[in-house]
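First up is the structure itself, then whatever we jot down about it.
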Amino acid sequence: MSASTLLNRLDGVKQTGKDRWIARCPAHRDKRPSLAIRELDGRTLAHCFAGCETSSVLAAVGLDLNDLFPERQGGYSGQKERKPFYASDILRCVAFEALLVSIAALNVARGVELPEEDRKRLLIAASRLQGAVEACDE
Ligand SMILES: [Zn+2]
Numbered sequence: 003m004s005a006s007t008l009l010n011r012l013d014g015v016k017q018t019g020k021d022r023w024i025a026r027c028p029a030h031r032d033k034r035p036s037l038a039i040r041e042l043d044g045r046t047l048a049h050c051f052a053g054c055e056t057s058s059v060l061a062a063v064g065l066d067l068n069d070l071f072p073e074r075q076g077g078y079s080g081q082k083e084r085k086p087f088y089a090s091d092i093l094r095c096v097a098f099e100a101l102l103v104s105i106a107a108l109n110v111a112r113g114v115e116l117p118e119e120d121r122k123r124l125l126i127a128a129s130r131l132q133g134a135v136e137a138c139d140e
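Position one of the sequence shown corresponds to residue 3 (our numbering), numbered consecutively onward.
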C-alpha cells in the first residue's frame, strides 16, 4: 500500500519531507498532529506519539496491518524498522506536550495550585516525551 491510501483517510496531513508526513491521529482525540507517517521501500509506517497502537490507528480508518505490507507473503511480519522516523518529525508530534508543561510551570510559578486532572496530564506529557526519546534511540 502506498502512503496515500492512509493519508487520504487522515485529517490535518502535513508533508514534512520526501515520503514523510505528520497528521492528526484518528484513534484518539487529537487536536494537533501526533501521528508520523513514512513511506519506505513500498511499505507505509505509522506511529502515534500519544501512545496509540498502530493497529488501533489503522482500525480507526478501516485498514489493518496487512494493508501496510501488501508485498510480503503472509502479511505483517512484526519486524521493526530501525529509526523509521526523523527526530524532527517526532519533535513536531510531541511539541504540544512541551507547551503544556510550560503553561503548567507558569501557573505553579504564579502560585496556582494545579488540579488533580492537570497533574495527571503532566504525567502523560512526561511519558509521551520519554516515548519520543525512545523512538529516536531505537
Ligand atoms: Zn493516537
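The beta carbon of each residue, even a glycine, is placed where N, CA and C say it ideally should be.
Since the structure is predicted, the reported quantities are computational estimates derived from the model, not experimental observations.
Quick one: using the 10 Å Cβ neighbour count with 16 as the cut-off for buried, is Val135 buried or exposed?
Burial call: exposed.
Is Gly44 helix, strand or coil by DSSP?
Of the three classes helix, strand and coil, the one that applies to Gly44 here is coil, per DSSP.
Residues near Leu116 in its chain [Cβ-Cβ closer than 7 angstroms; skip 5 each side]:
Excluding sequence positions up to five before and after Leu116, its CB lies within less than 7 angstroms of the CB of Ala106, Asn109 and Val110, all in the same chain and listed in chain order.
Reference Pro28; option with closest CA among Ala100, Thr56 and Leu102:
Of the candidates Ala100, Thr56 and Leu102, the one whose C-alpha sits nearest the C-alpha of Pro28 is Thr56.
What's the gap between the Cα of Thr18 and the Cα of Gln132?
Rounded to whole angstroms, Thr18 to Gln132 spans 22 angstroms at the Cα level.
Opening and closing residue of the beta strand (DSSP E) in which Ala25 lies:
Where Ala25 is concerned, the enclosing beta strand (DSSP E) stretches over Arg22 to Arg26.
In whole angstroms, what is the alpha-carbon distance linking Leu100 and Ala127?
Correcting the residue identity first, residue 100 is Ala in this sequence and not Leu. Cα to Cα, Ala100 sits roughly 8 angstroms from Ala127.
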